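> So that you can map any letter, position 45 of the sequence shown is 45 in UniProt numbering, and since no number is skipped, the others follow by simple counting.
Here a beta-carbon is modelled for each residue, glycine too, at the ideal position from N, C-alpha and C.
A quick note: this is a predicted structure, and the numbers were derived from the prediction, not measured.
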Amino acid sequence: MVLSSEWAKGVIESIFSMYSQRLFNQTNGIEIESLSEHEINRVAALYSQKYQKLAQNLLGKYCHIKVLEFTISIKGYMIKPCITEQVIRVSPLFVQIVQELEQISNDVKANLKTEPVDTKKKSLKPTFTIAHSRQGTSQNELARSKTGVVKKSPTSQFDNLLTTLDTLFDERLVFLPKQLELKRTAILSTICKCILKALLESTRTAKLGQSDYHQLQLDLAYIKLNYWDFLEEKILEKLIDQVLASASVVADEEYSPLDSLVIDKILS
Numbered sequence: 001m002v003l004s005s006e007w008a009k010g011v012i013e014s015i016f017s018m019y020s021q022r023l024f025n026q027t028n029g030i031e032i033e034s035l036s037e038h039e040i041n042r043v044a045a046l047y048s049q050k051y052q053k054l055a056q057n058l059l060g061k062y063c064h065i066k067v068l069e070f071t072i073s074i075k076g077y078m079i080k081p082c083i084t085e086q087v088i089r090v091s092p093l094f095v096q097i098v099q100e101l102e103q104i105s106n107d108v109k110a111n112l113k114t115e116p117v118d119t120k121k122k123s124l125k126p127t128f129t130i131a132h133s134r135q136g137t138s139q140n141e142l143a144r145s146k147t148g149v150v151k152k153s154p155t156s157q158f159d160n161l162l163t164t165l166d167t168l169f170d171e172r173l174v175f176l177p178k179q180l181e182l183k184r185t186a187i188l189s190t191i192c193k194c195i196l197k198a199l200l201e202s203t204r205t206a207k208l209g210q211s212d213y214h215q216l217q218l219d220l221a222y223i224k225l226n227y228w229d230f231l232e233e234k235i236l237e238k239l240i241d242q243v244l245a246s247a248s249v250v251a252d253e254e255y256s257p258l259d260s261l262v263i264d265k266i267l268s
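If you want it as structure tokens, here you go:
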């Protein structure tokens with residue numbers, strides 16, 4: 001990303017240099033300083049906008065590449081051999097991903113205008129522990145459709161079908177859109193969703209042992225602790241619950257969850 005930004009800046013500097021020479025030639029050797037200040041500012045603003053657009057496009061491509069890297073890493077994480085030892089630490093993969101998210105966040109800040117701080121969100125405290133859920137989201141809870149309209153629990157076969165279709169589309173792995181909303185929170189939120197959905201897709205075919213399941217619980221608790229600032233809390237909790245529920249469904253036997261006190265102790 002740094003190299004891309006430096007390359008973009010170099011391109012703009014070259015353009016300014018060529019444009020200055022062209023102005024000098026067109027005015028038969030008249031010094032550029034003799035041109036109107038308005039004309040110089042207009043040209044400077046024009047190329048400044050082009051640089052910003054180029055930098056933002058590079059940022060978008062950079063985020064796409066990182067999401068693909070995360071997805072490949074997560075697939076490898078889920079097909080690892082079953083572990084038998086006691087869970088004592090967060091998987092290095094997710095520690096690395098959180099660190100890279102911080103780097104992406106810094107890159108976004110450097111390339112986009114600073115966003116106002118949401119003091120209300122900053123005052124919230126994340127929940128450290130992850131509640132065990134085998135059934136996932138209850139059918140009695142409200143279901144939100146793709147259109148954003150909230151509808152109550154299905155009361156007919158037709159409504160039930162629509163809800164099922166909505167759920168299937170919501171849960172499928174969706175990579176970053178071609179055009180990212182150019183805001184730090186929007187970009188980081190989208191990346192976090194992609195990471196969790198990649199994890200959800202992988203758990204559908206993974207066969208986890210008891211220790212594997214405990215490791216997944218701990219890693220999800222770590223994710224929740226570090227992603228809550230980037231992703232809406234309800235969406236974050238729903239995705240995490242779905243991952244745990246999916247892992248439980250494909251397991252050969254029902255596993256007892258890792259004690260929440262153990263999770264808190266490791267994360268602290």
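Pop quiz: leucine 101 and isoleucine 40 are said to be a contact at Cβ under 8 Å. What is the actual Cβ separation, rounded to whole angstroms?
Position 101 of the sequence shown, counted from the start, is the residue given in the question as residue 101. Position 40 of the sequence shown, counted from the start, is the residue given in the question as residue 40. About 41 Å separates the two Cβ atoms, so there is no contact after all.
> Just checking, does the segment 59 to 72 make contact with the segment 223 to 241 on the three C-beta pairs under 8 Å criterion?
Output reads no: the segment 223 to 241 does not touch the segment 59 to 72.
> Could you spell out where the alpha helix (DSSP H) holding tyrosine 62 opens and where it closes?
Reading the sequence shown from its first residue, position 62 is the one you call residue 62. Note, tyrosine 62: alpha helix (DSSP H), 37 to 78.
> Can you check the segment 191 to 242 for any alpha helix (DSSP H) of at least 4 residues that lies completely inside it and give the ranges in chain order?
Fully enclosed alpha helix (DSSP H) runs of 4 or longer: 210 to 227.
> Is the segment 183 to 201 touching the segment 67 to 78 in the sense that three or more CB pairs, one from each, lie closer than 8 Å?
With the cut-off at 8 Å, the segment 67 to 78 and the segment 183 to 201 touch.
> Alpha carbon to alpha carbon, what distance is there between glutamate 254 and serine 248?
One-based indexing of the sequence shown puts residue 248 at position 248. One-based indexing of the sequence shown puts residue 254 at position 254. C-alpha separation (whole angstroms): 7 Å.
> Please confirm whether any heavy atom of the ligand MN lies closer than 8 Å to the CB of phenylalanine 70.
The ligand MN is not part of the structure shown, which contains no ligands of any sort.
> Indicate the three-state DSSP secondary structure (helix, strand or coil) for aspartate 107 in the structure shown.
Working through the sequence shown from its first residue, we reach residue 107 at position 107. If DSSP states are grouped into helix, strand and coil, aspartate 107 belongs with the helices.
> Mapping the DSSP letters down to three states, classify leucine 93 as helix, strand or coil.
Within the sequence shown, residue 93 is the residue found at index 93, counting from 1. Three-state DSSP puts leucine 93 in a helix.
> For the alpha helix (DSSP H) that serine 260 lies in, which residues bound it at each end?
Taking the first residue of the sequence shown as position 1, residue 260 is located at position 260. Residues 260 to 267.
> In whole angstroms, what separates the C-alpha of isoleucine 187 from that of glutamine 217?
For the purposes of this step, residue 187 is taken as residue 187 along the sequence shown, with counting starting at 1. For the purposes of this step, residue 217 is taken as residue 217 along the sequence shown, with counting starting at 1. Whole-angstrom Cα-Cα distance: 26 Å.
> In its own chain, which residues sit with a C-beta less than 6 Å from the C-beta of threonine 203, not counting the 5 before and 5 after it?
In the sequence shown, residue 203 corresponds to position 203, counting from 1. Hits under 6 Å: Val243, Ser246 and Ala247.
> Rounded to a whole number of angstroms, what is the C-alpha to C-alpha distance between lysine 66 and valine 95?
Start at 1 with the first residue of the sequence shown, and residue 66 comes out as number 66. Start at 1 with the first residue of the sequence shown, and residue 95 comes out as number 95. Using only the alpha carbons, I get a separation of about 15 Å.
> Looking at the structure shown, is glutamine 99 part of a helix, part of a strand, or coil, going by DSSP?
Your numbering for residue 99 matches position 99 in the sequence shown. Residue state, collapsed to three classes: helix.
> What does the alpha-carbon distance come out to for the pair glycine 45 and threonine 185?
Within the sequence shown, numbered from 1, the residue matching residue 45 stands at position 45. Within the sequence shown, numbered from 1, the residue matching residue 185 stands at position 185. With the sequence shown as reference, residue 45 is identified as alanine, and glycine is not the correct amino acid for it. Going from the Cα of alanine 45 to the Cα of threonine 185 covers about 27 Å.
> Short check: CB of alanine 206 to CB of methionine 78, under 9 Å?
To locate residue 206, count along the sequence shown from 1; it is residue 206. To locate residue 78, count along the sequence shown from 1; it is residue 78. Going by C-beta atoms, alanine 206 is nearer than 9 Å to methionine 78.
> To the nearest angstrom, how far is it from the Cα of residue 350 to the Cα of lysine 109?
Because the chain spans 1 through 268 in this model, residue 350 falls outside it and cannot be assessed.
> Give the secondary structure of isoleucine 187 by DSSP, where H, G and I count as helix, E and B as strand, and everything else as coil.
For the purposes of this step, residue 187 is identified with residue 187 of the sequence shown, where counting begins at 1. Helix.
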